[in-house]
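These notes are about the structure you will find just below.
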Amino acid sequence: MASSMRSLFSDHSRYVESFRRFLSSSTEHQCMQEFMDQKLPGIIARIGDTKSEIKILSIGGGAGEIDLQILSKVQAQYPGIHINNEVVEPSGEQIAKYKELVAKTSNLENIKFVWHKETSSEYQNRITGKKEIQKWDFIHMIQMLYYVKDIPATLKFFHSLLATNAKILIILVSGTSGWDKLWKKYRSRLPQYDLCQYVTSSDLSQMLDKLGIKYECYDLMSTMDISDCFIDGNENGDLLWDFLTETCNFNTTAPPDLKAEIMKDLQESEFSIKKEGKVLFNNSLSFIVVEA
């Protein structure tokens, strides 16, 4: 590996911008929206039974767009019931955006929001020391398990926090996605970053099976338009390269042979589909629902 290659996570502003380009080039949020509309109502159908308050814990809530979609489904299922929504999010920048979103969103009167600026492991350490541990009716972890060091321990801990009829919703990339193939083939040749793991739903299923935890898994197709990655000097393409490889300035720092190899692979059918002149990377997502 060329010494000039470094992890994308070493440059926060570059990471934020490449992530923004990923969201605008992919159907990630539309895919999540589809799941929230079609599947979530059935999943949360009993979480608030006989309860005067519904307690929801968001782990890695980000800027809150998906959180508010989830909350609107809970409100529709349990009209008028008070909801206590606590958010664990390490980025102060993301929390500020979340608060702005809440401030300009209507119909949130029956929801109490509390934000904790900490990682999931910091939350775990803080809670473990308490005599009385809060139980939750719904916990969700959206695209955040990549940033957890000990995933099985994290799953076991949050599973222990579930109240009666409660569920955990985990969203992460599918084991059938292009990410799975990309990570397995190239991880040893790309910069390693100890705060980020290459994990897909296939890995997670094995962990849950080993822990003896019951779950269901739903896969939904999502794509990411990477056509710009094949245009020399295209800024959007450069940022998408960074996101795909988790490498800062991949296009200018990667060895030519590595870049050529990945570029060839990304156009193969196991990674992407070609449609109407575009190259669409397989960004399929898995929605894993864990039961109490």
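Each residue of the sequence shown is one higher than the one before, counting from 1046 in the working numbering. The C-beta atom is built at its ideal place from N, Cα and C for all residues, glycine as well.
Which whole-angstrom value describes the C-beta separation of Leu-1285 and Asp-1302, a residue pair presumed to lie in contact below a C-beta threshold of 8 Å?
The count along the sequence shown starts at 1 and reaches residue 1285 at position 240. The count along the sequence shown starts at 1 and reaches residue 1302 at position 257. Actually they are not in contact, since the Cβ atoms of Leu-1285 and Asp-1302 sit about 20 Å apart, beyond 8 Å.
| said: Check for me: the beta strand (DSSP E) holding Tyr-1191 runs from which residue to which? | reply: For the purposes of this step, residue 1191 is taken as the residue at position 146 of the sequence shown. Premise fails: Tyr-1191 is in no beta strand (DSSP E) and is neither H nor E.
N- and C-terminal bounds of the beta strand (DSSP E) containing Leu-1325: Reading the sequence shown from its first residue, position 280 is the one you call residue 1325. Start and end: 1323–1327.
Pairwise C-alpha distance: Lys-1180 and Glu-1062:
Within the sequence shown, numbered from 1, the residue matching residue 1062 stands at position 17. Within the sequence shown, numbered from 1, the residue matching residue 1180 stands at position 135. Per the coordinates, the alpha-carbon of Glu-1062 lies some 36 Å from the alpha-carbon of Lys-1180.
*In angstroms, rounded to a whole number, what distance separates the CA positions of Thr-1245 and Asp-1225?*
Residue numbering aside, residue 1245 sits at position 200 when the sequence shown is read from its first letter. Residue numbering aside, residue 1225 sits at position 180 when the sequence shown is read from its first letter. Taking the straight line from one Cα to the other gives about 7 Å.
| request: In the DSSP assignment, find the alpha helix (DSSP H) that holds Thr-1290 and state where it starts and stops. | output: The residue labelled residue 1290 in the question sits at position 245 within the sequence shown. Its alpha helix (DSSP H) spans residues 1280–1290.
### Message
Quick check: Gly-1109 and Val-1147, are their CB atoms within less than 8 Å of each other?
### Response
On the sequence shown, position 64 is the one that residue 1109 refers to. On the sequence shown, position 102 is the one that residue 1147 refers to. Yes; because the gap between Cβ atoms is below 8 Å, this pair is in contact.
Could you tell me whether the Cβ atoms of Phe-1332 and Thr-1268 are closer together than 8 Å? Translated into positions along the sequence shown, residue 1332 becomes position 287. Translated into positions along the sequence shown, residue 1268 becomes position 223. No.
| query | Going by other Cβ atoms of all chains shown within 10 Å of its Cβ, with 16 needed for buried, is Ser-1222 buried or exposed? | reply | Position 177 of the sequence shown, counting from 1, holds the residue named residue 1222. Answer is buried; the Cβ neighbour count reaches 16.
Discussion item. What does the alpha-carbon distance come out to for the pair Ser-1071 and Asn-1281?
Written reply: Counting from 1 along the sequence shown, the entry for residue 1071 is found at position 26. Counting from 1 along the sequence shown, the entry for residue 1281 is found at position 236. One C-alpha to the other measures close to 13 Å.
With Leu-1330 as the anchor, note down where its beta strand (DSSP E) starts and where it stops. Taking the first residue of the sequence shown as position 1, residue 1330 is located at position 285. Counting along the chain, the beta strand (DSSP E) containing Leu-1330 begins and ends at 1330–1336.
- Give the secondary structure of Arg-1051 by DSSP, where H, G and I count as helix, E and B as strand, and everything else as coil. Along the sequence shown, one-based indexing puts residue 1051 at 6. Arg-1051 falls in the strand class under three-state DSSP.
request  = With DSSP as the reference, label Leu-1214 as helix, strand or coil.
outcome  = Taking the first residue of the sequence shown as 1, we reach residue 1214 at position 169. Note: Leu-1214 maps to strand in three-state DSSP.
Around the C-beta of Gln-1139, are 16 or more other C-beta atoms found within 10 angstroms, so that it is buried, or is it exposed?
The residue labelled residue 1139 in the question sits at position 94 within the sequence shown. So Gln-1139 counts as buried.
- Query: Rounded to whole angstroms, how far is the Cβ of Val-1334 from the Cβ of Ile-1088, which I believe are closer than 8 Å?
  - Reply: What you label residue 1334 is simply residue 289 of the sequence shown in a count that begins at 1. What you label residue 1088 is simply residue 43 of the sequence shown in a count that begins at 1. Yes, they are in contact, since the Cβ atoms of Val-1334 and Ile-1088 sit about 6 Å apart, within 8 Å.
| request: In the DSSP assignment, find the alpha helix (DSSP H) that holds Tyr-1060 and state where it starts and stops. | output: Locating residue 1060 in the sequence shown gives position 15, where the first residue counts as 1. Per DSSP, Tyr-1060 belongs to the alpha helix (DSSP H) from 1057–1070.
In terms of residues, what are the limits of the alpha helix (DSSP H) holding Cys-1076? As a working mapping, residue 1076 is identified with position 31 in the sequence shown. For Cys-1076, the enclosing alpha helix (DSSP H) covers residues 1073–1083.
- Is it true that the CB of Ile-1156 sits closer than 8 Å to the CB of Ile-1126? For this step, residue 1126 is matched to residue 81 along the sequence shown. For this step, residue 1156 is matched to residue 111 along the sequence shown. Not in contact: Ile-1126 and Ile-1156 (Cβ atoms no closer than 8 Å).
Open item on the list: As a quick exercise: from Asp-1270, Pro-1135, Gln-1120, Leu-1068, pick the residue whose alpha carbon is nearest that of Ser-1151.
Closed with: Taking the first residue of the sequence shown as position 1, residue 1151 is located at position 106. Of the residues Asp-1270, Pro-1135, Gln-1120, Leu-1068, the one whose Cα lies closest to the Cα of Ser-1151 is Gln-1120.
Quiz item: Where do the N-terminal and C-terminal ends of the beta strand (DSSP E) with Ser-1136 fall, by residue?
Solution: Numbered from its first residue, the sequence shown carries residue 1136 at position 91. First-last for Ser-1136: undefined, no H or E at that position.
- As assigned by DSSP and simplified to three states, the class of Leu-1113: Locating residue 1113 in the sequence shown gives position 68, counting from the first residue. Here Leu-1113 sits in helix by DSSP.
Where the alpha helix (DSSP H) through Lys-1255 begins and ends:
On the sequence shown, residue 1255 is found 210 positions in, with the first residue counted as 1. Residue range 1246–1256 is occupied by the alpha helix (DSSP H) that includes Lys-1255.
**Asked** Out of curiosity, what's the CA-to-CA distance linking Phe-1202 and Phe-1275?
**Response** Here the question's residue 1202 lines up with position 157 in the sequence shown. Here the question's residue 1275 lines up with position 230 in the sequence shown. Phe-1202 and Phe-1275: Cα-Cα distance of roughly 44 Å.
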